[in-house]
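Residue numbers (the working numbering): 310 to 433.
Note that the Cβ used here is the ideal one computed from N, Cα and C, for glycine as well.
All values derive from a computational prediction rather than experimental measurement.
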Amino acid sequence: MSKALVVMAHGSRAAAANDEFRSQVEQLARRCSEFVAVVPCFLELASPSLNEAIQQLTHQPVQRVFVYPMFFNGGKHVARDIPAQVREARERYPELNIELLEYLGSTPDLADLMARHVGEQTAS
């Protein structure tokens, strides 16, 4: 079963911030060869939205879509807004199996990554 990954960020009015996120998703795509597509989307303030990103995938041989929220905290966007958008996408694209993954901040390895990043910048 072919699968795609949609990585979601909040979105910003600053184009440079959105472009930085798109670049991060491109880097992730190079490391995730098990997906036929890895695409960015934004919760708000930028495009593509989740529905627009999934629409792009309907032209590819995709049956499963995993939505990965690149959010650090389980606030209202993670708890309410993103699940609501995923439910809407499931209704709009019933032919796809759309699954919501845990948000980035929920990984127990995040503190290790942060410690390494701080260490790299502060080592003398």
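With 16 other Cβ atoms within 10 Å as the buried cut-off, status of residue 386: So residue 386 ends up on the buried side.
Suppose you measure from the CA of residue 395 to the CA of residue 426; what does that come to, to the nearest Å? Straight-line spacing of the CA atoms in residue 395 and residue 426 works out to 32 angstroms.
What are the uninterrupted segments assigned as alpha helix (DSSP H) that are 4 or more residues long and contained completely in the segment 322 to 386, given in chain order? As summarised for the segment 322 to 386, the continuous alpha helix (DSSP H) elements at least 4 residues long and confined to that stretch are 324 to 340, 359 to 366, given in chain order.
Residue 398 beta carbon less than 8 angstroms from that of residue 346: Judged by their CB atoms, residue 346 and residue 398 are not nearer to each other than the 8 angstroms cut-off.
On the premise that residue 320 lies in contact with residue 351, defined as a C-beta separation below 8 angstroms, what is that separation, rounded to the nearest angstrom? About 3 angstroms separates the two Cβ atoms, so the contact holds.
Sub-8 angstroms separation of residue 372 and residue 337 beta-carbons: No. Outside cutoff.
Could you check the C-alpha separation between residue 411 and residue 391 for me, to the nearest Å? So the alpha carbons of these two residues sit roughly 11 angstroms apart.
List the endpoints of the continuous beta strand (DSSP E) containing residue 314. Taken as a continuous stretch (DSSP letters only), the beta strand (DSSP E) holding residue 314 covers 312 to 318.
Give me whichever residues DSSP pairs with residue 409 in a beta bridge. When beta bridges are read from the DSSP output, residue 409 appears opposite 376.
Could you give the first and the last residue of the continuous alpha helix (DSSP H) run that contains residue 398? 391 to 401 is the span of the alpha helix (DSSP H), which, as asked, contains residue 398.
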